[in-house]
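Residue 561 in the working numbering sits at position 81 of the sequence shown, and the numbers go up by one each step. Backbone N, C-alpha and C fix where the C-beta goes; we use that ideal spot for every residue, glycine too. Written below as structure tokens is the structure these notes are about.
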Amino acid sequence: MTLHTDRTYEAELQALRDRLVDMVGQVEQMTIEAVKAVVDRDAQLARETIRLDRRVNRAEVEIDEACMLLLARRQPVASDLRLVTTALKMVTDIERIGDVAVNLCERAIDLAGEPPIPGIDEALNALGQLAAAMLRKAIEAFAERDAAKAENVLEMDDDADERYHQIVRSLAQRIRDDPDKVEQNVALQSAAKQLERIGDHATNLAEQVILLVRGQDLRHQGKLA
């Protein structure tokens with residue numbers, strides 16, 4: 481059996497952190513490109529973005545395997561154990577973000593050929609940029625072990641929820657005013673919902689960072705008191 485130095489062990493833990501950061505970068509890219517595909521009604525970009533999901537799925541498997549090997553070979557304790565178990569939880573949310581981005585791309589394909597809608601498209605783009613920023617800040621909080629930065633993601637989620645509801649209200653009014661455009665408006669509502677879900681997953685990641693750093697479990701407790 482090969483003996484590992486403490487330096488090697490730390491390198492393995494750092495590699496795990498780096499893999500998670502890279503995986504979030506991949507789903508952030510998918511989110512940004514999926515939003516662009518919806519706003520530009522670009523079916524080709526949507527199909528290209530869907531193909532990126534294979535990399536995300538492969539990363540999930542590789543990170544799961546890395547965590548299991550660390551648990552089996554190293555038997556980590558204390559903060560190291562929390563890191564590995566948190567990584568196992570985070571990777572599930574990250575993979576689901578990739579799935580949601582695929583759903584968003586499918587709405588872009590549905591909308592291909594439809595005319596832009598002033599106001600709605602800008603609001604969707606703003607919500608998409610906010611969701612991507614939440615992802616970026618959540619993984620920065622993880623990499624830096626910064627619970628305060630993770631808390632900021634939870635605050636950003638309030639903004640994301642409000643933007644989502646404004647879009648839904650606007651589209652509901654459009655459906656009442658122009659019943660002939662129901663399918664288009666429903667597709668846009670679905671796109672907004674996918675972006676709201678990405679924000680929710682980013683919030684889950686931030687909550688896991690707070691649990692990792694502070695030992696404070698915020699699940700099912702609403703916002704910070």
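Secondary structure at E594: coil, using DSSP grouped into helix, strand and coil. Around E513, the same chain offers L525, T529 as residues with beta carbons nearer than 7 Å, after the five sequence neighbours per side are excluded. The distance from the Cβ of A618 to that of A671 is about 22 Å, inconsistent with a contact at the 8 Å cut-off. In chain order, A618, A621, A630, V633, L634 place their CB closer than 7 Å to the CB of A686, counting only its own chain and leaving out the 5 sequence neighbours on each side. In the displayed model, P556 falls within coil according to three-state DSSP, outside both helix and strand. Between V507 and I574, the beta carbon gap of about 6 Å places them in contact (Cβ cut-off 8 Å). Around R553, the same chain offers no residue with a beta carbon nearer than 6 Å, after the five sequence neighbours per side are excluded. DSSP, reduced to helix, strand and coil, places G679 within a helical segment of the structure shown.
Residue environment for E586: buried (at least 16 other C-beta atoms within 10 angstroms of its C-beta). Here the alpha carbon of V501 sits roughly 7 Å from the alpha carbon of A623. A direct Cα-to-Cα measurement between P596 and V515 gives close to 13 Å. Counting along the chain, G608 sits inside the alpha helix (DSSP H) bounded by residues 600 to 624. The three-state secondary structure of D533, taken from DSSP, is helix.
In this structure, the CA atom of R649 is about 25 Å from the CA atom of L615. In its chain, beyond the 5 residues on either side, K661, N665 have a beta carbon closer than 7 Å to the beta carbon of R654.
Nearest in C-alpha terms to R497, of all of D533, P659, D560, N537, is D560. For K661, there is no enclosing alpha helix (DSSP H), as DSSP marks it with neither H nor E. Taking 8 Å as the cut-off, the Cβ atoms of A611 and L675 count as close.
In the same chain as G679, and ignoring 5 residues on each side of it, the C-beta atoms closer than 6 Å to its own belong to A611, M614, D637, A640, in chain order.
Around the beta carbon of N537, fewer than 16 other beta carbons sit within 10 angstroms, so the residue counts as exposed.
By the criterion of a C-beta distance shorter than 8 Å, E490 is surrounded by no residue of its chain, once the five residues flanking it on both sides are discounted.
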